[in-house]
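First up is the structure itself, then whatever we jot down about it.
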Amino acid sequence: MTNGGAEVIDVVAAERGHLAPAVPTIPTTEQLAWAARVAWANADKGIGRLRWRGLHVRDLRGVSDPDAVASGLAEHLRVATRDGKIRSVATVLDPSIEILNDQLVSYAGYRQADGSILGDPYHLELTTLALRAGWPGGRPVDGGRLLPGPFDVLPLLLRVHGGPVIAYELSPERVLEVPLEHPGFAWFAALGLRWYAVPALSRHRLHFTEALAYPVAFSGFYVAFEMACRELADPNRYNVLPMIARCLGREGHPVDGPWLREAARVLQQAILHSFGRAGMVPPTASARLEIYHRYMPRRKPGPRPVYRPIDAPPPSGVTAVPAGLGPSRHGLERAAG
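Quick note on the UniProt record's numbering: the sequence shown kicks off at 1 and runs consecutively.
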């Protein structure tokens with residue numbers, strides 16, 4: 001099920017018996033918290049569901065003032081990061097609230113005069129919407145001057161009761177980011193790569209009953225390969241592997257498959273090292289899969305979404321280019337040039 005592009009988490013069919021026998025029209029905070037945990041436990045994807053009972057649920061259903069909602073979502077990030085001690089958090093919002101961001105934290109993408117994109121191409125349209133809503137764009141440099149860069153944190157874009165879009169910038173204190181460096185290559189830090197610590201999905205809806213649904217922001221934690229493959233190395237996102245491969249010694253030579261796979265391995269090493277130094281060691285795919293497959297046999301039989309196998313490819317999987325697709329024009333080097 002979808003609603004305006006938002007993914008829907010359907011709780012009711014999953015474990016109806018766990019809810020109170022007489023469900024009120026408006027569920028209590030306790031009932032809502034249990035429903036959110038059950039929804040996560042029975043979702044059709046998500047590698048961290050073994051810890052569903054520990055999901056921290058925040059109830060903001062009575063908050064419809066956009067300033068207060070933005071403050072509450074910024075607080076979600078503080079609660080989720082806890083200075084590096086990541087925890088899974090769900091913030092349930094009032095039905096009048098719509099978050100236009102797909103995640104609470106994401107990076108802007110700016111189209112350049114030559115057609116290339118500076119930043120994250122995935123968020124090109126969202127960046128345009130943010131600029132139209134009054135966001136100035138860029139990060140402060142040279143005494144406060146704003147200059148667009150590859151890792152500009154987008155503002156929260158909120159709409160209340162279908163009204164105009166309002167942009168709220170997130171303070172740096174609420175967005176925990178990790179600059180990437182490699183223990184064996186001093187040049188890696190000079191590439192300027194970074195990523196945020198918490199993936200906080202914000203286009204979900206929590207169905208408490210068939211007729212009652214709430215917007216919800218949900219954050220878990222990254223697996224290392226997600227940042228390496230899905231975000232930074234994807235040719236249609238940041239496309240950093242050719243740049244890393246050239247730094248490994250392929251300058252002036254073809255950057256072919258083996259060198260791209262080596263670059264992907266170096267990128268994942270940098271992610272594990274950098275997040276580890278920041279006190280946030282992202283689990284590897286193999287470690288999370290082992291835990292996940294211990295969890296699967298413990299699930300009670302009953303109606304729930306069809307199980308989707310967890311796809312956890314090695315970092316080198318991103319180097320495979322489907323037939324018929326040419327090289328991407330996206331990337332840090334082209335954007336910077």
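Even glycine gets a Cβ: it sits at the ideal position worked out from N, Cα and C.
Of all alpha-carbon atoms in Leu50, Ser88 and Leu104, the one lying nearest the alpha-carbon of valine 153 is that of Leu104. C-alpha of proline 27 to C-alpha of alanine 211: approximately 12 Å in a straight line. Runs of the beta strand (DSSP E) lying entirely within the region 169 to 244, each at least 3 residues long, are 177 to 179, 194 to 196, 200 to 209 and 212 to 219 in chain order. For leucine 156, the uninterrupted beta strand (DSSP E) run begins and ends at 156 to 160, by DSSP. Taken atom to atom, the span from the alpha-carbon of arginine 111 to that of leucine 100 is near 20 Å. Apart from the 5 residues on each side of it in sequence, proline 155 sits with its Cβ closer than 6 Å to the Cβ of Ala130, Trp135, Ala167, Tyr168 and Glu169 in its chain, given in chain order. Note on aspartate 120: 16 or more other CB atoms within 10 angstroms of its CB, so buried under the neighbour-count rule. Going by C-alpha positions, alanine 36 is about 14 Å away from leucine 50. Taking a 10 Å sphere around the C-beta of aspartate 234, we find 16 or more other C-beta atoms and assign the residue as buried. Between alanine 133 and leucine 118, the gap from beta carbon to beta carbon reaches 8 Å or more. As DSSP reads the structure, arginine 111 sits in a beta bridge with Ile117.
Contact check for leucine 60 against valine 89 fails: the beta carbons are separated by 8 Å or more. Looking only at Ala41, Leu55 and Ala189, the smallest Cα-Cα distance to serine 274 is reached by Ala189.
The beta carbon of alanine 228 lies closer than 7 Å to those of Ala264, Leu267, Gln268, Ile271 and Pro315 in the same chain, with the five residues before and after it left out.
Distances from the CA of cysteine 247 to each of Trp187, Leu193 and Pro258 were compared; the closest alpha carbon is that of Trp187.
The bridge partners DSSP lists for threonine 91 are Arg58 and Ala217.
Taking 8 Å as the cut-off, the Cβ atoms of isoleucine 97 and serine 64 count as close. For valine 165, same chain residues with a beta-carbon under 8 Å away, outside a window of 5 residues either side, are Leu100, Leu129, Arg132, Ala133, Leu157, Leu158 and Arg159 in chain order. Here the alpha carbon of proline 172 sits roughly 10 Å from the alpha carbon of alanine 74. Taking C-alpha positions only, valine 240 is separated from leucine 232 by approximately 6 Å.
For the pair glycine 84 and alanine 217, the CB atoms are not nearer than the 8 Å cut-off. The criterion of a C-beta distance shorter than 8 Å is satisfied by alanine 33 and valine 57. For proline 140, no alpha helix (DSSP H) segment is defined; the enclosing uninterrupted segment is the beta strand (DSSP E) at 139 to 141. Taking C-beta separations shorter than 7 Å and ignoring five residues to either side along the sequence, the partners of threonine 81 in its chain run Leu176, Ala197 and Val198, following chain order. Here glycine 149 is buried. Its C-beta has 16 or more other C-beta atoms within 10 Å.
Bounds of the beta strand (DSSP E) holding arginine 145 are 145 to 147.
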